[in-house]
Each structure stands twice: as C-alpha cells, then as structure tokens.
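Be aware that the sequence shown starts at 7, since it is given in this note's numbering, and climbs by one per residue.
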Amino acid sequence: MRGIILAAGKGSRLNGTAGESPKCLVKVGGVSLVERQINVLRGAGVEDITIVVGCQADRVRKVCGQSVTYIENARYAQTNSLYSLWMARPLLYEGFVVLNCDVLFQPVLLDDLLSSRHENALLLEYREWASAPYGDEEMKVTVQGGRVTEMSKDMAPADADGENLGIVKFGVTGGAALVEIMDRLVAAGGTRDWAPKAFAAFAQTHELFAVGTRGLPWIEIDFPEDYDRAVRDVLP
C-alpha cells in the first residue's frame, strides 16, 4: 500500500493564518500538517509515501526530507486536487491511500480504513456525528447498504448521509479503474475539479464503501476558524 498526500495548494483562504507558508506547512501543536500525515501513515505501516507538491515545493521538500517521494504540480495555481492526483497516476496501480494534506484526524481512523475488508473505501463522518449543519463547503456523500452512491459539494444538505474526510483507499483493480476515470476527466478539461469528482464517478460503476469515523474528532482546515477549532478542540 502506497500513501499519496496531496499538498500542492497555497491555502489562500486561511487569510494569513499560514503566514508565508503553503497550506501543508501550517503547524498545529508545533508540527506541520504534512509532517503529521507522514507520521500517521508510517504509524499505520505505510512506508512508501509520495507527496504531490506545488506551492513553495522546495520548502516542502526541505521540511519533509528525502525519505519520501515527490511529484511536482507546477500548475497548482490553475488546477485542483484531481489534477494533482492524476499526476501521480503511474504510482496508483499497486493500491494506495490518498489524503488531503489539510485534514487533521485521529490516527486510529486511518487504521480503521486500511484494515477494512473492503478493497475500495473512504472515511465518512455520518450525519449523526456532524458538529454543524452542512453547507456549500462540505463534500457531501450518500450511502446505501454501506456503499457510496453519490458525492458532491453541490448536493442538497438534506440529501446527504455524511461528509467525506478526504481520505480514500483503492486496491489494485480499483486503482487502475480510477486512473482510467481521471484520464477521461482531465482529457475533457476537468483540471480544476476536486478529486472526489473522480471518486464519485468510480462509485457509479465500482464498489466504494464507507468506513465511519465513530464520532472521533477530525477537521479539514480551510479557513481561520477551522484552524482555531483544530487547535482548541480537535488536537487535544
């Protein structure tokens, strides 16, 4: 199992919270988000780690060191997470888990996902555990019989069964199928799409299961108030 961390973005919506650093180098509890994810992956037994860098790529390389592999998305300012993951496509054929760099979460959740009997699965916070009503920012998901049926930020909040954490695993067969889907989306001009657009398309033709968070705390850090909650509530 390979770990892929998507860490190309600048994080402009943090409005200075990151200072001059790219989003992945924002520190929570004195440790950057990307270093935390590297440590969590290694704690789960994933040693083969690739980081897709972009904004201040050399600075991220310096912080993370030579024990990981790097792929550089030089077009990070004009593209989005789907394109970053697509750039790593040669590495996706042997099975992988992908993480958005801006997610702070309990390490046991990654253990839950990787130990799941399902080849292809994502971490999902079911609605009952949500800390606030859904809005436009949440990557909302519908689930039927444990399987993901739809995933979109544009979904009506009332229709959603939960929220995607941005942490997804694919097996060998699933990885190959996802690459084909991303090839089509990128060829059609979807370079600014979120990676979950490919995951949603995958779920239409392949089994993609949901692994619940069990109410354990996590947060995606997009805005200053997210960072404040991460430090105040989630990290402790």
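Cβ coordinates follow ideal geometry from the N, Cα and C atoms, glycine included.
Going by the beta-carbon positions, is the gap between residue i and residue j smaller than 9 Å?
i, j, result
"residue 10", "residue 102", "yes"
"residue 66", "residue 31", "yes"
"residue 19", "residue 229", "yes"
"residue 52", "residue 8", "yes"
"residue 172", "residue 105", "yes"
Can you tell me whether DSSP reads residue i as helix, strand or coil?
i, result
"residue 208", "helix"
"residue 79", "coil"
"residue 153", "strand"
"residue 3", "Residue 3 cannot be examined here, being either before or after the span of the chain that is shown, 7 to 242."
"residue 20", "helix"
"residue 44", "helix"
"residue 235", "helix"
Between residue i and the rest of its own chain, which residues show a CB-CB distance below 6 Å, the 5 nearest in sequence each way excluded?
i, result
"residue 3", "Given a span of 7 to 242 for the chain in the structure shown, any question on residue 3 remains unanswerable."
"residue 156", "148"
Taking the beta strand (DSSP E) that residue i belongs to, which residues open and close that run?
i, result
"residue 5", "No statement about residue 5 is possible, as the shown extent of the chain runs from 7 to 242 and does not include it."
"residue 117", "Looking at the DSSP string, residue 117 is not in any beta strand (DSSP E); the run it does join, the alpha helix (DSSP H), is 113-121."
Can you name, in chain order, every residue of its own chain whose Cβ lies under 8 Å from the Cβ of residue i, other than the five neighbours on each side?
i, result
"residue 213", "124, 125, 126 and 153"
"residue 259", "Residue 259 lies beyond the range of the chain shown here (7 to 242); nothing can be said about it."
Can you name the start and end residues of the alpha helix (DSSP H) that residue i belongs to?
i, result
"residue 181", "178-193"
"residue 88", "87-93"
Inter-stretch contact at 8 Å, needing at least 3 Cβ pairs: the segment 11-18 / the segment 50-68: yes
Touch test, the segment 189-206 against the segment 77-96, Cβ-Cβ under 8 Å, three pairs minimum: yes
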